[in-house]
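Sequential numbering from -16 applies to the sequence shown in this note's numbering.
Structure first, then comments.
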Amino acid sequence: MTGRERVQAALAMGVADRPPVGAWGHAYREEWSAAELAAVTLERARRLGWDFVKFQPRASTFAEAFGSTYHPSGHRLRAPILIK
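And the structure:
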């Protein structure tokens, strides 16, 4: 079964060879660029065999919508730094 078929079977309450698998998290260093975020997300999905992809917006997106300002930490495992 393909990933698409697994997801479609699950949505239709059907039978699949296994449950669809996907995961998401932050790519702190890459999430400041749409192109880099897309590339790292797709690379992980292909390497890990995910059946679906959920793009995760930048960790600071929602706080920025309410006026906060962040700087990238520059480290792949550290969240953005709150400036204001």
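Quick reminder that beta carbons are idealized off the backbone N, C-alpha and C, glycines included.
Computed from a prediction, not measured in an experiment: that's the story for all the values here.
Spatial neighbours of residue i within its chain, please: C-beta separation below 7 Å, excluding the five flanking residues on both sides.
i	result
T52	I66 and K67
D34	G(-14), R(-11), V(-10), P3, V4 and G5
Hey, residue i and residue j: beta-carbon distance below 7 Å or not?
i	j	result
A(-1)	R(-11)	yes
V23	E13	yes
Q39	W15	no
A62	A42	yes
A28	V36	yes
For residue i, which three-state DSSP category applies?
i	result
L65	strand
Does residue i pass the burial test, meaning 16 or more other C-beta atoms within 10 Å, or should it be called exposed?
i	result
A10	buried
L20	buried
Apart from the five residues on each side of it in sequence, which residues of its chain come closer than 8 Å, Cβ to Cβ, to residue i?
i	result
P2	R(-11) and A(-7)
Within a Cβ cutoff of 6 Å, which residues of the same chain sit near residue i, ignoring the five residues on either side of it in sequence?
i	result
I64	H54 and S56
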